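Here the sequence shown is numbered in our numbering, starting from 343 and rising by one per residue.
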Amino acid sequence: VADMGPWLSNLLILAACCYECRGEDSVIQPPGDVIATEGEQVTLDCQFDAVSSVNNLQWYRQYLRSKPEFLILITKSGYVQKPVPPRMSAQVQTDRMDLEISSAEVTDSALYYCALEPTVTGNPDTLYKNLSSALARNQ
């Protein structure tokens with residue numbers, strides 16, 4: 343993140359401010375890294391505050407220099423879309439959906455995002471391409 347310079351920090355702060363100002367649904371993931379050893383069970387926290395009716399919640403994983411990849415979709419009633427990636431599960435409670443990795447592996451090292459539906463409006467490939475281009479210009 344340090345390589346991305348102040349541009350990304352400003353973007354994240356701006357996005358957070360605008361999101362809260364509109365009074366829309368939001369997700370809260372605790373800041374900081376989750377550190378685990380191989381074989382350990384890992385729980386990634388995701389709290390949500392839904393102003394509107396939420397249809398489903400989703401988890402994504404993003405490896406360095408890669409696009410986010412979809413992992414799990416789960417409805418608020420607890421239905422999980424199949425197939426679920428090996429060693430992963432998700433549980434929904436009133437205001438949270440945590441992702442559990444049953445036996446951590448080195449290949450699990452990535453950024454994990456939780457999201458409420460809808461997540462993105464527009465073409466995600468284009469949005470990612472535009473973000474990548476902007477980051478490259480600001481390095």
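Think of the CB as a built atom: it goes at the ideal place given N, C-alpha and C, for glycine as much as any other residue. Just so it is clear, the structure is predicted and the values come from calculations on it, not from any experiment.
What residue range does the beta strand (DSSP E) around Ile414 cover? Taken as a continuous stretch (DSSP letters only), the beta strand (DSSP E) holding Ile414 covers Glu411 to Thr417.
- Provide the residue span of the beta strand (DSSP E) that contains Gln404, from first to last. Counting along the chain, Gln404 sits inside the beta strand (DSSP E) bounded by residues Asn398 to Gln404.
query: If you draw a straight line from the C-alpha of Ile370 to the C-alpha of Asp450, how long is it?
result: Taking the straight line from one Cα to the other gives about 21 angstroms.
Hey, quick one: how far does the beta strand (DSSP E) through Ala457 stretch, first residue to last?
-> Run containing Ala457: Leu453 to Leu458, per the beta strand (DSSP E) assignment.
Going by DSSP, which residues form a beta bridge with Ser368? According to DSSP, which records beta bridges pairwise, Ser368 is partnered with Asp391.
Should Arg285 go down as buried or exposed, given a rule of 16 or more other Cβ atoms within 10 Å for buried? Outside the displayed range of the chain (343 to 481) lies residue 285, so it cannot be described from this structure.
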